[in-house]
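Student:
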Amino acid sequence: MKKAIFFSIKKGFTLIELMIVIAIIAILATIAVPSYQNYTKKAAISELLQAAAPYRAEVELCIYNTNTPSECSAGQHGIRANISSGKKYLSSINVKSGVITVIGQKSLEGVNYTLSATGNAVDGVSWSVKCNGGSEVFPAGFCAW
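Numbering (the numbering used here), first residue to last: 28 to 172.
Here you go:
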């Protein structure tokens, strides 16, 4: 009878193969992390934009009723009070003389924008926007009003 010769088959990966895989993952991570951070800022900015929408409508109504933006401040002529905290990414909203200032916090620290109303009840109301602290996170065309 012949003896059967069995060859041991190596199973698994070599150290070099594992190091190559780790290097590829590291390269992908260095590309993906900054893109992900910018993406999360863009998602968070929607909270700031949505929070200011009712103030904008109320300032417009105030201008139509008073015929000037200078009388349109928070707590007057149907404009709600300023927000000083309470939201995840929103630090504050201030309204004074037809100017709405929205300030971010946490991942939006240093990001803010200002909506300024001009006009009157006869000619209508127009808005201008000034963005500070990273205009790349605002929707395209938002900061160009």
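Don't be surprised by glycine CBs; every beta carbon is placed ideally from N, CA and C. All values derive from a computational prediction rather than experimental measurement.
Measuring alpha carbon to alpha carbon, tell me which residue in ASP150, LEU117, SER153 is nearest GLU136.
Tutor: Numbered from its first residue, the sequence shown carries residue 136 at position 109. The option with the nearest alpha carbon to GLU136 is LEU117.
Student: Rounded to whole angstroms, what is the Cα-Cα separation between SER155 and ALA144?
Tutor: For the purposes of this step, residue 155 is identified with residue 128 of the sequence shown, where counting begins at 1. For the purposes of this step, residue 144 is identified with residue 117 of the sequence shown, where counting begins at 1. Roughly 7 Å between the two C-alpha positions.
Student: In whole angstroms, what is the alpha-carbon distance linking PHE165 and GLU44?
Tutor: To locate residue 165, count along the sequence shown from 1; it is residue 138. To locate residue 44, count along the sequence shown from 1; it is residue 17. Taking the straight line joining both Cα atoms gives about 43 Å.
Student: Apart from the five residues just before and just after PHE169, which ones in its own chain have a Cβ nearer than 6 Å to its Cβ?
Tutor: By one-based count along the sequence shown, residue 169 stands at place 142. Nothing listed; no residue qualifies.
Student: Which of helix, strand or coil does DSSP assign to SER97?
Tutor: Position 70 of the sequence shown, counted from the first residue, corresponds to residue 97. Of the three classes helix, strand and coil, the one that applies to SER97 here is helix, per DSSP.
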